[in-house]
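In UniProt numbering, the protein residues as written are 1 to 166.
For every residue, glycine included, the Cβ atom is placed at its ideal position computed from N, Cα and C.
Just so it is clear, the structure is predicted and the values come from calculations on it, not from any experiment.
Worksheet: one structure, shown below.
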Ligand SMILES: CC(C)(COP(=O)(O)OP(=O)(O)OC[C@H]1O[C@@H](n2cnc3c(N)ncnc32)[C@H](O)[C@@H]1OP(=O)(O)O)[C@@H](O)C(=O)NCCC(=O)NCCS
């Protein structure tokens with residue numbers, strides 16, 4: 001892994017389109033057709049957990065956004081989208097963003113966090129499969145992962161993931 005000077009900051013309204021362009025570049029076309037996007041519609045992201053990663057010249061290297069979702073009666077964070085520019089991948093930028101999200105979420109009193117992604121990557125941060133939690137189809141259950149931000153926070157939490165709309 002290279003040593004990279006990276007500055008993390010909360011995403012601002014001025015960052016919005018640049019972050020969207022990064023996601024368009026990094027994800028397959030039609031990313032908004034994914035079931036996770038249905039969970040985000042009409043729900044505000046968790047502002048302190050939306051972050052940009054810029055290099056020393058201010059160039060956007062990566063970004064993450066997080067939304068609240070509901071699993072049964074319990075609210076959890078749904079991490080993502082997260083993406084790192086192809087020229088900056090493998091330098092630990094996503095690791096910085098994920099660890100910053102986990103730290104900020106704990107500070108803000110969140111109890112649990114989940115995502116849909118590759119276990120071989122996310123297990124290094126402590127994410128594990130959530131067999132009792134179902135994403136709307138057609139999500140592969142092996143990609144539904146969670147991490148307890150305080151002890152036992154996923155115990156007894158089960159069911160379908162739904163939008164956290166009031
Ligand atoms: C996945 C992604 C965010 C990782 O960003 P990154 O800054 O390169 O990640 P890091 O530098 O923190 O970690 C790199 C390490 O993770 C590994 N890794 C990356 N993606 C992986 C995956 N899908 N499965 C397993 N390992 C993976 C790399 O091989 C590398 O391993 P190493 O540390 O042994 O060299 C980035 O590749 C990306 O933007 N991909 C396209 C968008 C995407 O898939 N987002 C995630 C959706 S769940």
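Pair within 7 angstroms by beta-carbon distance, residue 172 and residue 65
Absent from the model: residue 172. The displayed extent of the chain is 1 to 166, so no value can be given.
With DSSP as the reference, label residue 25 as helix, strand or coil.
Residue state for residue 25 is assigned as helix, using DSSP reduced to three classes.
Here's the rule I'm using: 16 or more other beta-carbon atoms within 10 Å means buried, otherwise exposed. How should residue 5 be labelled?
With fewer than 16 other Cβ atoms from the protein chains shown falling within 10 Å of its own Cβ, residue 5 counts as exposed.
Boundaries of the beta strand (DSSP E) in which residue 65 is found, first to last residue
60-71
Beta bridge counterpart(s) of residue 105 as assigned by DSSP:
In DSSP, residue 105 forms no bridge with anything.
Test item: CB-CB of residue 60 and residue 22 under 7 angstroms
yes
Residue 42 to residue 11 span [Cα, whole Å]
19 angstroms
Measuring only the C-alpha atoms, how far is residue 161 from residue 145?
12 angstroms
Let me know the secondary structure DSSP gives residue 54 once reduced to three states.
strand
Is the CB of residue 68 under 7 angstroms away from at least one CB in chain C?
The displayed structure is made up of one protein chain only, and chain C is not part of it.
Can residue 89 be considered in contact with ligand 1, in the sense that its beta carbon sits closer than 6 angstroms to one or more heavy atoms?
Answer for residue 89: yes, Cβ within range of ligand 1.
Cβ contact (3+ pairs, closer than 8 angstroms) linking the stretch 125-138 and the stretch 29-46
Look at the beta carbons and you see the stretch 125-138 touching the stretch 29-46: at least three pairs across the two are nearer than 8 angstroms.
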